[in-house]
Amino acid sequence: MSATLRSKQILFCGLILLAIALCFQAVRAQTDDATNGETDPVKLFEKGQDAHAKNDFKLAIQLYDAAIKLKPEFPEAEFQRAMALIATNRKSEAMEGFNRAVTERPDWPLPYAKFGSMLAFPGNADADAEPLLRKAIQLDDKNSEATVALAVLRQRAGDLTEAVKLMRAATALSDATFQTWRRRAYIENSAGDSAAAVASITHAIEMKPRELYALYLDRARLRLQMNDRAGALLDLNLFKPTIVSETHYTIILEVAQMFARAGDSNESLQLLDRLSEDDRKRPEVIALRAELAGDAGSSVEERAALEDLLKRNPRDANLLSRLGSAYRRVDPMKSQGYYYRALQLDPKNPKYATGYAAALIQGRQFAEAEPILRDVIKSAPDDYPAHVNLALALYEMKRWAESVHEYEWIASARPEIAATYFFIATAHDNLGEYRPALDAYQNFLSHADPTSNQLEIEKVNLRLPVLRAQVQRGAGAKQKKPR
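Structure follows, in structure tokens:
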């Protein structure tokens, strides 16, 4: 083959490769050009909205940019571009675009409402969002989106008064949905008005949305807060048919807990039985089952389950209290520690204070328990467990007259309990007050159970003949009133 021919072949191959490269370059150029040669800014804007609706924010921004380049004063495109930018976490650019949009069209409420709501949603830009939302409402006082977003923002700021006021204004608007009423209920509940919250959720239920069953659960929670157990049970039974084999265990557990709080332990246990074998081994499930059985923490497994839950929620005062109760008899020192921590988290809770004092008594620290119990009774005069523990502490310290005073209160509150009369009798006996001791022993015998009180009955029967003789002789001291 001649050199000339070879040269022509090389040249031909080179031309082919160049043509292929140029073709690829043309295709790439067409791909990089999001506009595809479109020069109408309105059509570019519409294409941008299509991409925006598909969450293709990168393409949407390119198309909005192209539209604005062709039509510099295009507030609609500036606004939509700002919304796409904020969705991609480009806040500073988004703010600049938003400001251009409202400068070009200052009396347009939509951008203020939409962009302000978008800023407010994460909860970390409230200072930027609030003035925009207020401006939206100023321009259009019937803008429900801005009103609800501002209410949520004010709730986060702790201004529940304005938050409730805004939500009540939002539900008065013609476009209020069940979600508007649901949000109103949440905020009213945060403000401490559970009755108003129940009324709002009921209004949402009456709108019969697709999410109806979730609203029943919302109302059950609120009714339990109000101690309306009967109402809560009605709602829980309305929600129950939605629980199927695929329902997540957290929902089943919550509903089981709510049934327990509403007083239906059987339904609660039935729901726990529907859990998978693995879910039944979860600490929270073991703890609830034990609580329903009335022996929470009575086994090593149950106490371990409660402690595992505490690792996840170390500041759960109720959980600390349950552990305090679980360890009171098996490890009083540990019980004291748990109750003390609960009391530090909620110093005014009488249950935690009484539990702590009871743990001290179990550890025979009677003097330390007394002032705690007296403080509880001072703030809650009818706190039965506090009176019971104070009576025991005084009795163990041999302060008989004071213990009689407490036990008489207990007998008045719960006259059916036989042991109370035994303590009253022995306290009087130790004081040498034989006539009231005799009366109390006889009271004890009339209430005592032959099986569970057998030992005490035997002691009393041994004591009575001697005591009667002492009374007949007029022996003993006169009864004194405690100071």
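Quick note, in my numbering, the sequence shown goes up one by one and the last residue is 574.
Glycine included, C-beta positions come from ideal geometry on N, C-alpha and C.
Only a predicted model underlies this, so the values are computations on that prediction, with no experimental measurement involved.
Given residue i as reference, the closest of the options once Cα atoms are compared
| i | options | result |
| --- | --- | --- |
| Glu392 | Lys402, Arg373, Leu481, Asn409 | Arg373 |
| Ser208 | Asp198, Pro222, Arg196, Glu195 | Pro222 |
| Gln435 | Asn409, Gly454, Ile452 | Asn409 |
| Arg526 | Ala267, Leu555, Arg312, Leu176 | Leu555 |
| Pro132 | Glu169, Ala144, Thr238, Ile515 | Glu169 |
| Ile463 | Tyr486, Glu493, Tyr431, Lys489 | Tyr431 |
| Ala211 | Thr542, Lys182, Gly128 | Lys182 |
| Gln563 | Glu524, Lys550, Glu358, Leu553 | Glu524 |
| Ala73 | Asn234, Asn190, Ala192, Ile177 | Residue 73 is absent from the structure shown; the chain starts at 92 and stops at 574. |
| Ala448 | Asp437, Lys469, Ser426 | Ser426 |
| Pro197 | Asp250, Lys402, Pro166, Gln456 | Pro166 |
Helix, strand or coil at residue i [DSSP, three-state]
| i | result |
| --- | --- |
| Ser367 | coil |
| Lys182 | helix |
| Gly415 | helix |
| Pro300 | coil |
| Asp540 | coil |
| Gln390 | Gln is not the amino acid found at residue 390; the sequence shown has Ser there. Looking at Ser390 - three-state DSSP - the assignment turns out to be coil, as it is neither helix nor strand. |
| Leu113 | With a pLDDT of 47 at Leu113, under the threshold of 50, the modelled position of this residue cannot be trusted; read the value that follows with caution. The answer is helix: DSSP assigns Leu113 an H, G or I state. |
| Met317 | coil |
| Met209 | helix |
| Ser285 | helix |
| Val118 | Annotation note: pLDDT 39 at Val118 (below 50); position unreliable, coordinate value reported separately. In this structure, Val118 counts as helix in the three-state DSSP scheme. |
| Arg420 | coil |
| Arg70 | Nothing can be reported for residue 70: it is not among the residues displayed for the chain, which extend from 92 to 574. |
| Leu108 | Bear in mind that a pLDDT of 48 at Leu108, under 50, signals an unreliable position, so the number given afterwards is only what the model happens to contain. If DSSP states are grouped into helix, strand and coil, Leu108 belongs with the helices. |
| Leu264 | coil |
| Gly567 | coil |
| Trp491 | helix |
| Gln456 | coil |
| Pro222 | helix |
| Ile463 | helix |
| Lys331 | helix |
| Pro506 | coil |
| Gly188 | helix |
| Pro472 | coil |
CB-CB length for residue i against residue j, believed under 8 Å
| i | j | result |
| --- | --- | --- |
| Leu360 | Leu383 | 6 Å |
| Ile548 | Leu558 | That pair is no contact at about 15 Å. |
| Ala460 | Ile452 | 5 Å |
| Asp231 | Pro200 | 4 Å |
| Tyr340 | Asp364 | Not quite, the Cβ-Cβ distance comes to about 12 Å (not below 8 Å), so this is no contact. |
| Glu493 | Leu483 | Contact flag wrong, Cβ pair sits at about 12 Å. |
| Leu315 | Ala347 | No, Leu315 and Ala347 are not in contact; Cβ-Cβ is about 13 Å, not under 8 Å. |
| Ile377 | Leu362 | No, Ile377 and Leu362 are not in contact; Cβ-Cβ is about 15 Å, not under 8 Å. |
| Ala237 | Tyr203 | 7 Å |
Where the alpha helix (DSSP H) through residue i begins and ends
| i | result |
| --- | --- |
| Thr517 | 509-522 |
| Ala249 | Position check: residue 249 holds Gly in this sequence, whereas Ala was assumed. Counting along the chain, Gly249 falls outside any alpha helix (DSSP H), and DSSP gives it neither H nor E. |
| Pro374 | 374-383 |
| Thr341 | 340-352 |
| Val133 | 132-144 |
| Ala158 | 148-161 |
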